[in-house]
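In the working numbering, each residue carries its 1-based index in the sequence shown increased by 166.
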Amino acid sequence: MDELTVRRAVRDAYAGRASGSGCGPTGVACCAPDAGTPGAPDDLPSLGVGDPVGSADLRPGETVLDLGSGPGRDVLHAAGLVGPSGRAIGVDATPEMVFRARESARDRGIRNAEFRLGEIEHLPVESGCVDVVLSDCVVNLSPDKAAVFREAFRVLRPGGRVVLSDVVAEAELPASVREDARAWAGCVAGAVSEATYLELLRGTGFQDVRTVRKGGTFTGLVSTTLLTARKPPA
């Protein structure tokens with residue numbers, strides 16, 4: 167399946183979710199049941215599989231970037247942790263999600279959170295300005311993961327860190343799954359093995375690349391994982 171078709175399928179699926187249609191039939195992994203995240207806005211849906219914010223050890227004054235921020239849940243959570251001297255930025259390719267996230271920030275009076283429309287392979291973020299890059303069940307949706315990691319590396323300050331919650335393939339996915347647009351939007355078809363994921367991060371230049379935690383398995387094909395890495399200091 168070509169990249170344009172994948173991007174269109176993912177964007178259309180998440181536009182539907184932004185309008186309140188929920189996970190729908192495509193929500194296999196990225197709409198896993200949410201047990202609740204302390205400090206996160208309870209009225210905003212979780213479209214992820216983990217809690218990268220809670221695992222990032224965010225500090226007051228830091229600048230945080232969420233790749234594929236959706237309705238803004240993780241960004242608003244992070245904004246509270248970094249405080250008024252910090253900043254939380256969300257980037258999402260779906261206009262409907264960006265609109266919803268901006269409304270949520272405005273309704274809550276959160277001024278240190280902002281949401282930008284853009285692709286995570288081409289981040290609308292200046293180089294070397296971010297302390298922490300987060301993402302929750304989004305990198306798997308990209309047909310060009312190497313570009314995602316290059317961009318994350320670019321925007322991070324020296325010594326900055328990455329905390330990624332995502333799904334990884336437990337075995338080679340059948341061609342019928344790889345070519346299924348619904349499986350792409352459902353966080354299955356785009357999954358790569360854990361070894362490939364770690365190799366891509368190391369190949370980008372990240373250090374201290376490791377798997378922090380493994381989670382449950384979905385559909386018998388993919389499982390959840392939490393990975394961290396760090397950009398080398400200057």
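For each residue, glycine too, the CB sits at the ideal point set by N, CA and C.
| Asked | Found |
| --- | --- |
| Please work out which residues of its chain come closer than 7 Å, Cβ to Cβ, to A335, disregarding the five sequence neighbours upstream and downstream, and give them in chain order. | A357, V358, S359, L387 and V388 |
| Can we count D168 as close to the ligand ATP, meaning its CB is less than 7 Å from some heavy atom? | In the structure on display, the ligand ATP does not appear, and there are no ligands present to speak of. |
| Grab the span of the alpha helix (DSSP H) containing D232 for me, first residue to last. | No alpha helix (DSSP H) contains D232, which is instead part of the beta strand (DSSP E) from T229 to L233. |
| Indicate whether L330 and V305 have their beta-carbon atoms separated by less than 8 Å. | yes |
| Is the stretch 281 to 299 close to the stretch 317 to 325, with three or more CB pairs under 8 Å? | yes |
| Find out if the Cβ-Cβ distance for the pair V314, A395 is shorter than 8 Å. | no |
| Relative to the alpha-carbon of L300, which residue among R368, A245 and A361 has its alpha-carbon at the smallest distance? | A245 |
| Which runs of the beta strand (DSSP E), 3 residues or longer, sit entirely within the stretch 275 to 306? | 279 to 283 and 296 to 302 |
| So which of L283, Y363, A351 and V257 has the shortest CA-CA distance to E169? | A351 |
| Grouping DSSP H, G and I as helix and E and B as strand, with all else coil, what is S331? | strand |
| Return the Cβ separation of G249 and I286 in integer angstroms, given the expectation that the two are a contact with Cβ distance under 8 Å. | That belief does not hold up - the Cβ atoms of G249 and I286 are roughly 26 Å apart, past 8 Å. |
| Pull up the DSSP beta-bridge partners for G256, would you. | D232 and F281 |
| So if DSSP puts A395 in a beta bridge, which residue, or which two residues, is it bridged to? | V328 |
| Quick check on the burial criterion: 16 or more other C-beta atoms within 10 angstroms. Buried or exposed for S185? | exposed |
| What is the rounded straight-line gap between the Cα of A175 and the Cα of D374? | 34 Å |
| Around the Cβ of P340, are there at least 16 other Cβ atoms within 10 angstroms (buried) or fewer (exposed)? | exposed |
| Hey, quick one: how far does the beta strand (DSSP E) through G381 stretch, first residue to last? | Q373 to F384 |
| Give every residue of the same chain whose Cβ lies closer than 8 Å to the Cβ of D404, excluding the five residues on either side of it in the sequence, and list them in chain order. | Residue 404 is absent from the model: the chain starts at 167 and stops at 400. |
| Hey, could you find the ends of the alpha helix (DSSP H) F368 is sitting in? | At residue 368 the sequence reads Arg, which differs from the Phe that was named. Residues E360 to T370. |
| Helix, strand or coil: how does DSSP classify R323 here? | strand |
| With a 10 Å radius around its C-beta and 16 neighbouring C-beta atoms as the bar for buried, classify K380 as buried or exposed. | exposed |
| Along the chain, where does the alpha helix (DSSP H) that runs through E169 open and close? | E169 to G182 |
| Strictly by DSSP, which residues pair up with V343? | The partner list for V343 (beta bridge, DSSP) is empty, contrary to what the question assumes. |
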